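**Q**
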Amino acid sequence: MTTVKMTVNGQAVTRDVENRQLLVEVLRDGLGLTGTHQGCDTSQCGCCTVLVDGRAVKSCTMLAVQAEGCSVTTIEGLGSMQALHPIQQAFVDCHGLQCGFCTPGMIMTTAALLAETPEPDDDTIREALDGNLCRCTGYTNIVEAVRQASATMAGKSVARPR
Ligand code: FES
Ligand code: FES
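Residue numbers (this note's numbering): 11 to 172.
1. Should L139 be counted as a contact of ligand 2 given a C-beta to heavy atom distance under 7 Å?
2. Could you check the C-alpha separation between C55 and I135 for me, to the nearest Å?
3. I need the straight-line Cα distance from T127 to A155, nearest angstrom please.
4. Nearest to T120 by alpha carbon, out of N19, R30, I97 and S69?
5. Looking at C-beta atoms only, is the number of pairs between the stretch 71–90 and the stretch 43–59 that lie closer than 8 Å three or more?
6. So Q48 packs on V34, CB below 8 Å; how close in whole Å?
7. What do you get for G115, buried or exposed, if any count of 16 or more other CB atoms within 10 angstroms of its CB means buried?
8. Taking Q99 and C146 to be in contact with their CB atoms under 8 Å, please state how far apart those CB atoms are, rounded to whole angstroms.
9. So does C144 have its beta carbon nearer than 7 Å to some heavy atom of ligand 2?
10. Have a look at the DSSP bridge pairing and note the partners of L143.
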């Protein structure tokens, strides 16, 4: 066992973890942050994506001990039921989800993208999301959602789809 200290969604966290434990396991099973989904465990689907020190990371590809001293943000740290983050609101408005299994990962990847590139074009959006798989929606509405989130966060008015 190793003691890991990290910041998760703004809160200081100390946990004893097994050296082989994945970050996604500690987030879900240790901290109860089940918004981070576990799909493939082989780095393909992207539904386990979280921010680690601001970078989008597939948390099934990272050992929890590697998060020592890091700041981790999960979907629970982005917005709340009462006040959705603009990216979350855009996914709702643009029908960017159906079953929602991929959605936390899509949103966290989008958060990292928009932090680095606030107004990406469609090619940039598609490239940023190419590690996130969705089995339901097709990707057109997801790209539309990222476009809307970008506009909202840049303070531009958006024509919301009905
Ligand atoms: S569970 Fe991590 S990429 Fe699929
Ligand atoms: S909304 Fe179902 S997998 Fe993407």
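Note that beta-carbon positions come from the ideal geometry of N, C-alpha and C, so glycine has one too. These numbers were taken from a predicted model, which means no experiment stands behind them.
**A** The relevant details are as follows:
1. no
2. 17 Å
3. 15 Å
4. I97
5. Yes, they touch.
6. 5 Å
7. buried
8. Incorrect: roughly 19 Å between the Cβ atoms, too far for contact.
9. yes
10. The partner list for L143 (beta bridge, DSSP) is empty, contrary to what the question assumes.
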